[in-house]
Each structure stands twice: as structure tokens, then as C-alpha cells.
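Heads up: the sequence lines are chains H and W, in that order.
97 is the number that the working numbering gives to position 83 of the first sequence; each next residue is one higher, with no gaps.
789 is the number that the working numbering gives to position 90 of the second sequence; each next residue is one higher, with no gaps.
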Amino acid sequence: MIPPPTDADSKLLAQARDGDLSAFSQMMEAQQSRLLGQAIAFSGDLHLAQDLVQETMIAAWKSLNRFDGSCQLFTWLYVILLRQHRRSLGWSSRRLPLATLKQQVTAERRVSAAQPGNEEENTREAELLRAMITSLPAKHREVIRLRFYADASESEIARALGISSGTVKSRLHHALQKLRRMKEKVNHLRQSAH
Amino acid sequence: MNNPDPNHHESHAEMREALRHDAARIEEPPFNAALHYATIRQIRALSATPRTRPVWKWALSGVTALALIWGSVAVLSESEPLMRQNHRDGNRTAGTASRSPRATSWTYRQAANRSDETLLTLLDEDARALLTPTAPAFSTPFL
């Protein structure tokens with residue numbers, strides 16, 4: 015359920031749409047930390063993340079009239095952020111090949127031999143999971159990040175992407191299935207390594 | 700596109716849990732004022748730039764192209780009597796082009812899309828194909 019925008023939010027949005035940059039600045043101030051945190055998490059690079067957040071804000075200003083309030087402002091901005099990231103990767107590196115997962119498992123074995131411990135294991139698991147998400151096709155990656163990382167509901171994702179809720183459900187299902195299969199492959203690689 | 704069976708959600712419970720767990724690990728950095736205000740300054744600068752700039756670019760490219768074509772025609776029409784005279788005198792007109800320009804209006808448009816410099820280079824190449832190397836166009840700037 016999307017929390018209804020407050021009167022102050024609506025007023026700021028209306029002012030920003032009329033070209034009031036200080037109103038837009040106030041709106042973005044509230045979103046920056048969350049956007050930056052997400053960008054750092056999926057790009058793995060602080061400077062790239064800062065560039066992405068900057069490009070996202072510029073793109074948001076240019077297309078503010080297209081934001082109709084049918085989803086949360088953060089969800090709308092997050093979609094822009096994901097697309098800026100996708101554009102920054104270019105065609106060649108949009109998907110992570112399985113070979114990279116194999117390399118990651120090999121590297122992980124070396125690290126685990128050197129640094130045993132729960133925290134390191136959690137970090138490795140997180141890195142592996144994010145690498146697996148990166149290896150998904152863009153449309154699947156998008157719904158996974160929106161659903162689980164931006165915490166958007168399926169209907170909100172549908173509105174933010176301009177697709178039906180059924181398509182969101184379907185993409186989520188296929189994305190989760192692919193992630194599960196990749197995890198199984200990784201587990202198999204781990205077992206065969208021991 | 701086939702809609703998945705809602706019961707399949709159960710089979711992805713472990714993966715959903717792993718994703719939620721990972722999302723919860725993401726830390727939000729403190730507000731970066733320098734980044735924010737640099738972005739706002741950039742937006743202000745972009746807003747101050749007239750949006751009609753591409754149209755101006757087109758207009759400028761068009762005017763440049765027309766000026767060059769007009770100049771080439773003018774130079775050709777001026778040099779033609781001289782060339783005829785040279786021919787009558789039995790002198791060889793060194794380097795007089797007999798070829799037609801290589802570019803079409805489409806390639807001119809493509810070049811203009813790329814940049815003014817590309818367009819000017821193309822026009823220059825064609826002018827060199829059409830005119831004598833000693834033509835005034837190569838020694839006197841048109842613009």
C-alpha cells in the first residue's frame with residue numbers, strides 16, 4: 015500500500031513541476047541517501063554510484079512531468095537509477111557470464127581458507143547473490159531490485175514500469191527461478207571443489 | 700506471457716529470504732551535501748541553456764552548407780570563362796575536376812548530424828573535387 019503523499023509533498027511536487035528548482039532540491043534531499051546506498055550496493059563503486067545518483071536527479075528533473083504520483087517517488091527514482099546504471103554498463107557488460115560465477119567461487123575458496131568466520135561468509139554470500147542478480151536479464155534484474163531492494167509492491171512496480179501486475183508476477187517468478195538455479199549451480203561447484 | 704502459479708512462490712521462499720536479508724544489509728550513507736548541491740547547480744546550468752539549441756545547430760549547419768555551395772557555384776561560374784580561355788590557348792588546366800561530388804544530400808545530413816566539423820570536412824572534400832587547386836575558395840575564407 016502506497017502511503018498517500020502529504021500536503022507538503024504534493025505542494026513541493028507541484029512547485030517543482032512549475033520549474034521551482036528549490037522545491038525539487040528539497041524533494042531530492044530526502045531521497046539522496048537511500049538512492050546512494052542502493053547505487054553503491056549494486057554498482058560496487060562509490061564514485062560510479064555518485065555519478066549515477068547525479069544523473070538520476072538530472073533525468074528526474076527533466077521528466078518530472080511524467081511522474082503522476084501513482085507510485086512512491088523513491089520507486090520512480092529507483093527505476094531511473096537502474097536504467098542509468100544499465101546504460102552506463104553498455105551492451106557488452108550487461109550480463110555476467112556463468113564463467114564469472116565460477117571464478118567467484120574459486121576466489122571465495124581462497125578467501126575462506128584465509129579468513130574463516132561468519133561475517134566474511136555473510137559478505138561473500140551477499141557478493142555472490144549480487145553477482146547472480148547482475149547476471150540476470152535486465153527486465154528480471156529490474157523487478158528483483160524493485161521488489162526486494164526498493165521494497166516496492168507488485169502493483170507499484172507495475173505502475174512504475176508501465177506494465178501489468180501479471181507481467182510483474184511472471185517476471186518475478188522467472189527471475190527467482192533463475193536465481194535459484196544459479197544458486198544450485200554454485201552449490202554444486204562448491205561441493206565438487208571439496 | 701504465462702502467469703506463474705501462485706503456489707510456486709513457496710518454492711522461492713529461500714531465495715526471497717536471502718534477497719530480503721541482503722537488502723537489509725545495505726547501509727544508507729549520510730547525506731552528501733556537496734554531491735547534492737553540485738547536482739542542483741548542474742540542473743540550473745542546464746535549465747539556463749535554451750532548449751532550442753539543436754534547432755540552432757541545424758540552422759547554422761544549413762546556412763554554412765548553403766554558403767559553401769553558393770560560394771562553390773560562384774567560383775565555378777567565375778573560373779569557367781578562364782578555363783575555356785586556357786583551353787583555347789592550348790594550355791592544360793591542371794587539376795580541373797571532371798568528377799561530380801561524392802556526397803549526396805543524405806550524406807550531408809548525416810554529416811551535419813554528427814558535427815559541424817564533419818559537415819565542413821565533407822563539403823571541403825567535394826569542393827576540392829569540383830574546383831581547381833588554385834581556386835580562390837581555397838585561399839579566401841567564405842565565412
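For each residue, glycine too, the CB sits at the ideal point set by N, CA and C.
None of the values given here were measured: they were computed from a predicted structure.
Checklist entry - From this set, Leu-103/H, Leu-50/H, Asp-59/H and Glu-141/H, which residue's C-alpha is nearest Asp-721/W's C-alpha? => result Working through the second sequence from its first residue, we reach residue 721/W at position 22. When only C-alpha atoms are compared, the closest one is Glu-141/H.
Next on the checklist: 9 Å is my cut-off, CB to CB: does Thr-831/W come that close to chain H?
Outcome noted: In the second sequence, the residue the question calls residue 831/W occupies position 132. Thr-831/W does not count as touching chain H.
Next on the checklist: If you measure between the beta carbons of Leu-175/H and Ile-158/H, is that distance less than 9 Å?
Outcome noted: By 1-based counting over the first sequence, the position of residue 175/H is 161. By 1-based counting over the first sequence, the position of residue 158/H is 144. Not in contact: Leu-175/H and Ile-158/H (Cβ atoms no closer than 9 Å).
Item to check | Three-state secondary structure (DSSP) of Phe-162/H | outcome: The count along the first sequence starts at 1 and reaches residue 162/H at position 148. The answer is helix: DSSP assigns Phe-162/H an H, G or I state.
Item to check | Partner residues on chain W for Trp-75/H, Cβ-Cβ distance less than 7 Å | outcome: If you number the first sequence from 1, residue 75/H lands on position 61. Chain W residues near Trp-75/H: Ile-742.
Item to check | Residues of the stretch 46-75 of chain H with Cβ closer than 8 Å to any Cβ of chain W, in chain order | outcome: Gln-46, Ser-47, Arg-48, Leu-50, Gly-51, Gln-52, Ile-54, Ala-55, Gln-64, Val-67, Gln-68, Met-71, Ile-72 and Trp-75
Item to check | Where Ala-717/W meets chain H, residues with beta-carbon distance less than 7 Å | outcome: Taking the second sequence and counting its residues from 1, one reaches residue 717/W at position 18. Under the 7 Å cutoff, chain H gives Leu-143.
Next on the checklist: List, in chain order, every chain H residue whose beta-carbon is nearer than 9 Å to that of Asn-731/W.
Outcome noted: Position 32 of the second sequence, counted from the start, is the residue given in the question as residue 731/W. Simply Gln-46, Ser-47, Leu-50, Gln-64 and Val-67.
Checklist entry - Run through DSSP, which three-state label would Gly-51/H get? => result The residue labelled residue 51/H in the question sits at position 37 within the first sequence. Reduced to three states, the DSSP call for Gly-51/H is helix.
Checklist entry - Per the contact definition of three or more C-beta pairs closer than 8 Å, is the stretch 753-773 of chain W in contact with the stretch 85-99 of chain H? => result no
Next on the checklist: Quick check: is the beta carbon of Ser-39/H nearer than 9 Å to any beta carbon in chain W?
Outcome noted: The residue given as residue 39/H occupies position 25 in the first sequence. Output row for Ser-39/H: interface = yes.
Next on the checklist: I'd like the span of the alpha helix (DSSP H) that includes Gln-98/H, first residue to last.
Outcome noted: Reading the first sequence from its first residue, position 84 is the one you call residue 98/H. Run containing Gln-98/H: 87-103, per the alpha helix (DSSP H) assignment.
Next on the checklist: Give me, in chain order, the residues of the same chain whose beta-carbon lies closer than 7 Å to that of Ala-37/H; leave out the 5 immediate sequence neighbours on both sides.
Outcome noted: In the first sequence, residue 37/H corresponds to position 23, counting from 1. Closer than 7 Å at the Cβ level, and outside the excluded window around Ala-37/H, lie Leu-26, Gln-29 and Ala-30.
Item to check | Sequence-distant residues of the same chain with beta carbon closer than 8 Å to Leu-150/H, five excluded per side | outcome: The count along the first sequence starts at 1 and reaches residue 150/H at position 136. Result list for Leu-150/H: Arg-109, Ile-158, Ala-189, Lys-192 and Leu-193, in chain order.
Checklist entry - Exposed or buried, Tyr-736/W, counting other C-beta atoms within 10 Å across all chains shown (16 or more means buried)? => result On the second sequence, position 37 is the one that residue 736/W refers to. So Tyr-736/W counts as exposed.
Item to check | Asn-731/W in three-state terms, based on DSSP | outcome: Within the second sequence, the letter at position 32 stands for residue 731/W. Of the three classes helix, strand and coil, the one that applies to Asn-731/W here is coil, per DSSP.
Checklist entry - Apart from the five residues just before and just after Leu-818/W, which ones in its own chain have a Cβ nearer than 8 Å to its Cβ? => result Within the second sequence, residue 818/W is the residue found at index 119, counting from 1. Closer than 8 Å at Cβ, skipping near neighbours: Ser-760, Thr-763, Ala-764, Tyr-807, Ala-810 and Ala-811.
Checklist entry - What separation, rounded to the nearest whole angstrom, lies between the Cα atoms of Gln-46/H and Ile-171/H? => result For the purposes of this step, residue 46/H is taken as residue 32 along the first sequence, with counting starting at 1. For the purposes of this step, residue 171/H is taken as residue 157 along the first sequence, with counting starting at 1. Distance between the alpha carbons of Gln-46/H and Ile-171/H is about 20 Å.
Item to check | Of the residues Lys-183/H, Glu-156/H and Arg-155/H, the one placed nearest Glu-168/H, counting alpha carbons only | outcome: On the first sequence, position 154 is the one that residue 168/H refers to. Among Lys-183/H, Glu-156/H and Arg-155/H, the Cα nearest to that of Glu-168/H is on Lys-183/H.
Next on the checklist: If contacts are defined as beta-carbon pairs under 8 Å, then Leu-49/H and Val-67/H qualify, I think. What distance do you get, rounded to the angstrom?
Outcome noted: Start at 1 with the first residue of the first sequence, and residue 49/H comes out as number 35. Start at 1 with the first residue of the first sequence, and residue 67/H comes out as number 53. The Cβ separation is near 5 Å, so the contact holds.
Next on the checklist: Distance check for Leu-78/H and Gln-741/W, CA to CA, integer angstroms please.
Outcome noted: Against the second sequence, residue 741/W aligns to sequence position 42. Against the first sequence, residue 78/H aligns to sequence position 64. One C-alpha to the other measures close to 16 Å.
Checklist entry - Mind checking if Asp-8/H is an interface residue toward chain W, Cβ cutoff 9 Å exclusive? => result Summary: the structure shown does not reach residue 8/H, with chain H confined to residues 15 through 208, and so no result is reported for it.
Checklist entry - So what's Phe-56/H in DSSP terms, helix, strand or just coil? => result On the first sequence, position 42 is the one that residue 56/H refers to. Here Phe-56/H sits in helix by DSSP.
Checklist entry - What residue from Leu-143/H, Asn-132/H, Ser-178/H and Gln-98/H has the CA that sits closest to Asp-65/H's CA? => result Taking the first residue of the first sequence as 1, we reach residue 65/H at position 51. It is Gln-98/H whose Cα lies nearest to the Cα of Asp-65/H.
Checklist entry - Taking buried to mean at least 16 other C-beta atoms within 10 Å of its own C-beta, is Trp-75/H buried or exposed? => result Your numbering for residue 75/H matches position 61 in the first sequence. Its Cβ being crowded by 16 or more others within 10 Å, Trp-75/H is buried.
Item to check | For Ile-177/H, three-class secondary structure by DSSP | outcome: Against the first sequence, residue 177/H aligns to sequence position 163. Ile-177/H: coil per DSSP, three-state reduction.
Next on the checklist: Just to confirm before moving on: does the CB-CB distance between Met-41/H and Thr-738/W stay below 9 Å?
Outcome noted: By one-based count along the first sequence, residue 41/H stands at place 27. By one-based count along the second sequence, residue 738/W stands at place 39. Against a cut-off of 9 Å, the Cβ pair of Thr-738/W and Met-41/H comes out as no contact.
Checklist entry - In its own chain, which residues sit with a C-beta less than 8 Å from the C-beta of Glu-43/H, not counting the 5 before and 5 after it? => result Position 29 of the first sequence, counted from the start, is the residue given in the question as residue 43/H. Answer for Glu-43/H: no residue qualifies.
Checklist entry - Counting only beta-carbon atoms, is Thr-738/W nearer than 9 Å to chain H? => result Position 39 of the second sequence, counted from the start, is the residue given in the question as residue 738/W. It does; some Cβ of chain H falls within 9 Å.
Checklist entry - Got a sec? Which residues, its chain only, sit under 7 Å from Leu-822/W by beta carbon, not counting five neighbours each side? => result Position 123 of the second sequence, counting from 1, holds the residue named residue 822/W. Once the five neighbours on either side are set aside, the close Cβ partners of Leu-822/W are Ala-764 and Leu-767.
Next on the checklist: To the nearest angstrom, how far is the alpha carbon of Glu-824/W from that of Trp-755/W?
Outcome noted: By 1-based counting over the second sequence, the position of residue 824/W is 125. By 1-based counting over the second sequence, the position of residue 755/W is 56. Glu-824/W and Trp-755/W: Cα-Cα distance of roughly 25 Å.
Checklist entry - Tyr-163/H versus chain W: which residues are under 9 Å apart at the beta carbon? => result If you number the first sequence from 1, residue 163/H lands on position 149. Those are Leu-718, Asp-721, Ala-722 and Ile-725, listed as they occur along chain W.
Next on the checklist: According to DSSP, simplified to helix, strand and coil, what is Ile-725/W?
Outcome noted: Against the second sequence, residue 725/W aligns to sequence position 26. In this structure, Ile-725/W counts as coil in the three-state DSSP scheme.
Item to check | Supposed close pair Gly-58/H, Glu-726/W - CB separation, criterion 8 Å | outcome: Here residue 58/H is taken as the residue at index 44 of the first sequence, counted from 1. Here residue 726/W is taken as the residue at index 27 of the second sequence, counted from 1. With a Cβ gap of about 14 Å, Gly-58/H and Glu-726/W do not count as contacting.
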